[in-house]
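Just so you know, the working numbering puts 152 at position 83 of the sequence shown, and the rest follows in order with no gaps. Backbone N, C-alpha and C fix where the C-beta goes; we use that ideal spot for every residue, glycine too. Remember, it's a predicted structure, so these values are computed and weren't measured experimentally.
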Amino acid sequence: MRVSTLFAIVVTILITVVIMQNTDEVKVTLLFTDVKMPKLVILTAVAVGSFLVGVIAGRPGKVKRVEMYEHDNLENDEDGSRQKRRPGTLSDEDRDYIS
């Protein structure tokens with residue numbers, strides 16, 4: 070079992086124990102209204118809300134493809150003129166370095 074899975078299980082158990090120990094009613098002010106509700110409801114709502122925020126914030130976003138700069142995509146000819154290089158090809162200097 071991975072460490073992250075064990076961590077998630079332990080945190081879930083601890084949250085469940087804390088929520089179940091707090092079942093008494095409390096007065097909560099929601100905007101302009103006072104409401105009496107069990108702490109269990111409040112703690113559960115906060116736990117679920119926190120989980121949802123974590124899932125939304127932690128999901129991978131769209132990966133933007135970074136275009137090469139124009140000067141990086143040019144290489145020198147023997148006569149000193151610059152020509153466009155095909156993407157994905159190596160320059161002669163790079164081939165010499167790898168060999």
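Alpha-carbon spacing of V122 relative to R128, whole angstroms = 10 Å
(message) I need the DSSP call for T158, collapsed to helix, strand or coil.
(response) coil
Which whole runs of the alpha helix (DSSP H) in the stretch 75-142 are 4 residues long or more, in chain order? 108-127
Are the beta-carbon atoms of I84 and A116 separated by less than 7 Å?
-> yes
(request) Taking only the alpha-carbon atoms, compute the straight-line gap between L112 and K131 and give it to the nearest angstrom. (result) 33 Å
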